[in-house]
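Working notes for the structure below.
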Amino acid sequence: MTEKESASMHESLNRQSALAEQLGGVGGTRAQQQAGVTIIERRSLQIAEVAFFAPPSASEKRALAEASGTYFPEQPGSTSTLNKSSLLCLGHSRWLIVTQGTLAMGFLNDLLRGTAAISDLSHARSVLRLSGGPARDWLARKVAIDLHERAFPPGSCAQTAIEEINVLVHFVDATPNYDLYVDRSSAVAFWDLLKASPMA
Amino acid sequence: MTDQPFRLPDEGDIQRSNPLRFRFNGRELTGYQGDTLASALLANGVRLVGRSFKYHRPRGILTAGPEEPNALVRLGQGAMAEPNTPATMIELFEGLVAESQNAWPTVRLDVMALNDMVSPLIPAGFYYKTFMWPAAFWEPIYEKLIRRAAGLGRPNQEADPDRYDKCHAHCDVLVVGSGPAGLAAALAAARSGARVILADERPELGGSLNWDKREIDSRPARHWSQALVEQLRIMPDVRLLPRTTVFGYYDHNMLGALERVADHLPTRAEALPRQRYWMIRAGRVVIATGAIERPLVFADNDRPGVMLASAARAYVSQYGVKPGKRAVVFTNNDDAYRTALDLERVGVEIAAVVDTRPNAGREATARLEDRGVPQLCKHAIIRSIGRGAVKAALVAPLGSDGTPGPARHLDCDLIAVSGGWDPCTHLHCQAGGNAAYREDIAAFVPGPAAQAGKTVGAANGTFSLAACIAEGYAAGADAAALCGRPKPEAQASLATDDEDEAPIQAFRRAPSAKDGRRKMFVDLQGDVTEADINLAAREGYRSVEHLKRYTTQGMWTDQGKTGNVNALARLSEIRTDPIQQVGTTRFRPPYTPVAISAFVGSRTGLNYRAIRRTPLHDWHMTQGAVMQTTGLWMRSNCYPRPGEDIDDTISREVLAVRGGVGLADTSTLGKISIQGPDAAEFLDRVYCNGWKTLKPGRTRFGLMLREDGIVFDDGTTSCLAENDYHMTTSTAHAAAVLSHLEFCIQCLWPNLRVRALSVTDQWAVVNLAGPRARQVLEQVIDDEDVSNDALPYLGVADVTLRGIPARIFRISYSGELSYEINVPAGYAVHAWKGLIAAGRPYGITPFGAGAMTVMRVEKGRVSSQELDGRVTAGDLGMGHLMSTKKDFIGRRLAHRPALTDPSRHSLVGFIPVEPGTMLRSGAQIVEQDPPAKPTWPCGHVSSAVFSPNLGHWVALGFLSGGLERKGQRLFAAFPLKDEIVPVEVVDPVFLDREGKRLHA
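Have a look at this one:
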């Protein structure tokens, strides 16, 4: 990640969503309602994956928490969310930073230089938020992992798949709100799949 | 509208206020809400429903459940028609249309019924012995005849227009079956707080309790079950799945279930799927699937009017239908006496209860006597009489040795048979368990469970109502406890009016009637007779698995649910081995047929594959691009102009690039970020060439080998900064390469401080190529210098393109001056349009994968057609890349003698001797025309294109001896088109061998 790339995080050029045609172009996303489930696209997120070369030290954990603007989730599958930022522990020594605001990539690079690989994925993911009472039931039917609150409480995340499409599921809160991260290139196929899958 | 002459005035649980019209074989009939097609047909007096598979004998309705072997119909019309649907499982709805199968021209007058007359010529396995000569008839005549005659029903040739859904579910306890044991198990588990799924194939939960006239806890059994269902319905974490058949029990307690969501609705709401396939992962499974009544075997036991005793009871009690006017009940156990009493209660005259035992249970006999029903103990039906349906039964006393005495006719139109009950061990056996034989009930029961499941109730051979409930409750409580839930309170035993019953007699087959030539059917659906079993055993098929294959016993859509045990018993008699020694065949999923569409779910049409689109996909579509798939990716192949065909378009695009400038969307290339202090060491190990000397800002071509020394993938890797590398892979191999790298990092060298991550989706890539490429680039670059000195061939630079951050790799696949411009995917359209605008004065032309293929072949670049999993670096002329100074994956095995044999096929070029001749990919290279027979090709063509620059076809390929044969004339044979083309062996680089263009 170069300084030039970090600077790009702040520039004003409008990013084009992979779902611009489906959910509205530049300037906003239309909420879609299906059987009581509201679907919106979370746009203009800054996303970076941090993969440590070894289990992080306490100071490295602090640095990651500071850079992400939230507290540090220790266990794989756990997350933390504060204000508009989330930190998701994807697996052994791997975290995903997601923020609606500005991600200080240069700062992060300086803090973790030599200890972690840092990759900007802001353009690589499309993020859909599913909300509403039936959201869990619908989602639970589509993914192979167990989404019951005993097995997947609020604040959990897991990498799974819906049909052939890789999906990172983040159970944001008990509202319920679920964030689904899919590869940008699969976003339209994923959207078509959502439309084709009966919610009832 | 017609009368329903066999409908009872006030019996059953149908809704008489809701009459429904339906058509069967073109005849309009009526039934009621709550009917099945079978019950409605019986109510209308329709007894002949279909014809049998082999002999085309008339068949009626034998059962009231999924085990039905006879009454299979084609349900629906047009694209929605579905063959082989048991009438017993079709819920009646307004406008239902069904027709009989296996009959022509009509079910009453079926020409193929002639088969029955020639049956001695077509016994079991006849097709293995006939159709042998003349050999010339095998394919053109015999196969067509056999295919026409074989099979049940006609498959639909049209695409299925219905919607299907596919779902996952998790639970602590899955209870399969909602009869007395299943309901009790679900209640116990739910009371403990466990997550429970209760699934039952019937529309209404309750199983046999829906038609059982006994009482539980001083309430009618049906009321008791309905109360339990209501309790379960309001409990948290309980999911009730009626109309859901659990058809498969797979490894790790994963079970497959099919929910018929809308099959019973006359019109389907848009939001509803027709069926839903559930993949259920259960902590524990309680199998409470009940038992299936077994028929008795006697001559002509297949006539319409022969029905299982329990089915006759169900038609009376649940559907309010008299299955006949005068009945004979034929049994070897007490349960059928309940049928006799139920039939008699609703006005069916009982000619006799024919019992093979010397004595029935005292209570059963007393009740019969109270109602004045004749009882014939130690008797058997030795034959049914009638043409299209049963008109009488021939009943004979049984001697002490089982031989029949003088027979007499008993007029009847219904023969209700009961040979005992076979526990449904299907799911238990699918899970890996075996079945064990129990003499006291003359049936197979589940042995020890192979997975985390338990079978209870009638499925476990427990037939008393009270015992079923107790066993189910205990199993539900245990299952919940094993899932970590507290055990619920024990349930007080419930009072039921179970009777003391006399033991069943292991009587399965009546002695033959006098003429002895009548067919005695064992498997009704497959038309397998007792004579077939005898023949198979005589011919040496004495293993139960061999018997099954030879006779087709149990191989049909019903999987022999009503016939298997009788067949095993007959084989046991012939072998004089106990039945448990004969054993059973292995049950496999599905328990009942499942439409393939249900497994497919919503993945049809455009959703068949999860297509990946580049950020520029929509632009390509608006330009009318011809698209192609590469793996899951959709790529533009070319951009035809009006009047152009694809070949012309590709040639135009090639010439435009070679003569000026073009741009292509190459975002599909795999891109992997490799970071870490040990990244260079890591690259050194996974690539066969060296990487430690690569400086920041530079790119190098790399070749990756497999462990066995064969080439895995090629591509470039660039050093962006110290410890930070950017690897590109071919589109097709991107996922495989990343998996390979992860394997290396996690398993081979976990001590290396390096991480790999796919950034394919982060970056859109625009390939700007052609002699004018730099001029176009300079128009859009903000400040940076992209001159040949500042950004030479294989250089990398971070730049901005009119405000868009970009990374430019000066690499060339086409052989031209070429830049691969990477921009964040969300800015791809801006960058693309900016380049097009800047390039317009230079005649910039978008080009697709088609033109790229032509240019890479012209330049002699290899692709997946060449890297086909068989070639070595040496075969590609890249042996020099394999470092001798370091170790790398594939090094040792790459030097095996077979991989270094000079006669190996190695990369060469081919051109046609006659310039106008076309070359084809896949053509085999031979040395003679015509080739000697047999011949071994000495090479093959891997990629062939028309080169508009050279004006003739050029090809890459592999040839034994390789470039040592340069200049030789050989032949490219393409037998599929019956073509053979003289070719000349040439150098594989057809254009710009010196590389002046790409270094320009």
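Quick mapping for you: the protein sequence lines, in order, are chains A and B.
Sequential numbering of the first sequence, starting at 1, is according to the working numbering.
Sequential numbering of the second sequence, starting at 201, is according to the working numbering.
From the three backbone atoms N, C-alpha and C, an ideal C-beta is built for every residue, glycine too.
Assuming the contact rule is C-beta atoms closer than 8 Å, residue i and residue j should be a hit. Round their C-beta distance to whole Å, please.
| i | j | result |
| --- | --- | --- |
| VAL373 of chain B | GLY382 of chain B | That belief does not hold up - the Cβ atoms of VAL373 of chain B and GLY382 of chain B are roughly 11 Å apart, past 8 Å. |
| TRP411 of chain B | GLN518 of chain B | 4 Å |
| SER131 of chain A | LEU19 of chain A | Contact doesn't hold; Cβ gap of about 17 Å is too wide. |
| ARG494 of chain B | GLY620 of chain B | 5 Å |
| ILE118 of chain A | VAL188 of chain A | Not a contact, Cβ separation roughly 28 Å. |
| ILE550 of chain B | ALA540 of chain B | 5 Å |
| ARG809 of chain B | LEU832 of chain B | 6 Å |
| SER418 of chain B | LEU508 of chain B | With a Cβ gap of about 30 Å, SER418 of chain B and LEU508 of chain B do not count as contacting. |
| LEU903 of chain B | ASP914 of chain B | 5 Å |
| ARG414 of chain B | LEU665 of chain B | 6 Å |
| VAL1054 of chain B | SER1147 of chain B | 7 Å |
So what does DSSP say about residue i, is it helix, strand or coil?
| i | result |
| --- | --- |
| TRP338 of chain B | helix |
| ARG184 of chain A | helix |
| LEU441 of chain B | strand |
| ALA63 of chain A | helix |
| TYR232 of chain B | strand |
| ILE214 of chain B | coil |
| PRO1097 of chain B | helix |
| MET165 of chain B | It is not possible to answer for residue 165 of chain B, since the shown part of chain B is limited to 201 through 1200. |
| LYS4 of chain A | Low local confidence applies: a pLDDT of 39 at LYS4 of chain A is under 50, so the model's placement there is unreliable, with the coordinate-based value given in what follows. Three-state result, LYS4 of chain A: helix. |
| MET9 of chain A | With a pLDDT of only 36 at MET9 of chain A, under 50, the local geometry of the prediction cannot be trusted, and no value is derived from it. |
| ARG113 of chain A | coil |
| LEU139 of chain A | helix |
| TYR71 of chain A | coil |
| HIS1030 of chain B | helix |
| LEU894 of chain B | coil |
| ILE774 of chain B | helix |
| GLU881 of chain B | helix |
| MET1055 of chain B | helix |
| ALA35 of chain A | coil |
| TYR839 of chain B | coil |
| VAL172 of chain A | strand |
Quick check on this structure: which residue in the options has the alpha carbon closest to the alpha carbon of residue i?
| i | options | result |
| --- | --- | --- |
| THR751 of chain B | B:ASP758, B:LYS761, B:GLU730 | B:GLU730 |
| ALA642 of chain B | B:THR662, B:PRO219, B:ILE480 | B:THR662 |
| PHE912 of chain B | B:LYS892, B:PHE222, B:ALA936 | B:ALA936 |
| PRO73 of chain A | A:ASN83, A:LYS84, A:GLY91 | A:GLY91 |
| PRO55 of chain A | B:ASN764, B:VAL528, B:ASN951 | B:ASN951 |
| GLY954 of chain B | A:GLY114, A:GLN32, A:ALA124, A:LYS84 | With the sequence shown as reference, residue 954 of chain B is identified as Val, and Gly is not the correct amino acid for it. Looking at the Cα atoms, A:GLY114 is the closest of the given residues. |
| LEU598 of chain B | B:ARG562, B:SER584, B:PRO558 | B:PRO558 |
| PHE1088 of chain B | B:LEU345, B:VAL886, B:ASN807 | B:VAL886 |
| GLY1195 of chain B | B:LEU455, B:TYR364, B:PRO971 | B:PRO971 |
| PRO789 of chain B | B:THR814, B:ASP818, B:TRP756, B:GLU773 | B:TRP756 |
| THR893 of chain B | B:ILE910, B:GLY876, B:CYS919, B:PRO877 | B:CYS919 |
At a threshold of 6 Å, does residue i count as lining the ligand FMN (C-beta to nearest heavy atom)?
| i | result |
| --- | --- |
| ARG414 of chain B | Here there are no bound small molecules, and the ligand FMN is not part of this structure. |
With 7 Å as the limit, tell me which residues of the region 79-93 of chain A have their beta carbon closer than that to any beta carbon of chain B; keep them in chain order. none
Between the region 152-186 of chain A and chain B, which residues of the former have CB atoms less than 7 Å from a CB of the latter, in chain order? Taking 7 Å as the Cβ-Cβ cut-off against chain B, the residues of the region 152-186 of chain A that qualify are GLU163, GLU164, ILE165, ASP183, ARG184, SER185, SER186.
Which full runs of the beta strand (DSSP E) of 3+ residues lie inside the region 440-520 of chain B, going along the chain? 444-450, 454-460, 475-487, 491-493, 506-508
Which runs of the beta strand (DSSP E), 3 residues or longer, sit entirely within the region 353-408 of chain B? 364-376, 396-399
According to a CB-to-CB cut-off of less than 7 Å, which residues of the region 472-483 of chain B neighbour chain A? LEU472, PRO473
Alpha helix (DSSP H) segments (min. 4 residues) lying fully within the region 625-709 of chain B: Counting whole runs of 4 or more residues, the region 625-709 of chain B contains the alpha helix (DSSP H) stretches 626-630, 665-682.
Quick one: which unbroken beta strand (DSSP E) runs of 3-plus residues sit fully inside the region 935-973 of chain B? Chain order, please. 955-958, 963-969
Beta strand (DSSP E) segments (min. 3 residues) lying fully within the region 844-873 of chain B: 862-865
If contact means a Cβ-Cβ distance below 8 Å, which residues of the region 1003-1019 of chain B contact chain A? GLY1003, ILE1004, PRO1005
Near-chain A residues of the region 1028-1055 of chain B (beta-carbon distance less than 9 Å), N- to C-terminal order: From the region 1028-1055 of chain B, only ALA1028, VAL1029, HIS1030 have a Cβ closer than 9 Å to chain A.
Interface residues of the region 529-549 of chain B facing chain A [CB-CB below 8 Å]: none
Listed from N- to C-terminal order along the chain, which residues in the region 797-808 of chain B have their beta-carbon within a distance smaller than 7 Å of any beta-carbon of chain A? SER802, ARG803, LEU806, ASN807
Return the residues of the region 52-75 of chain A that lie within a Cβ-Cβ distance of less than 9 Å from chain B, sorted by chain order. PHE52, PHE53, ALA54
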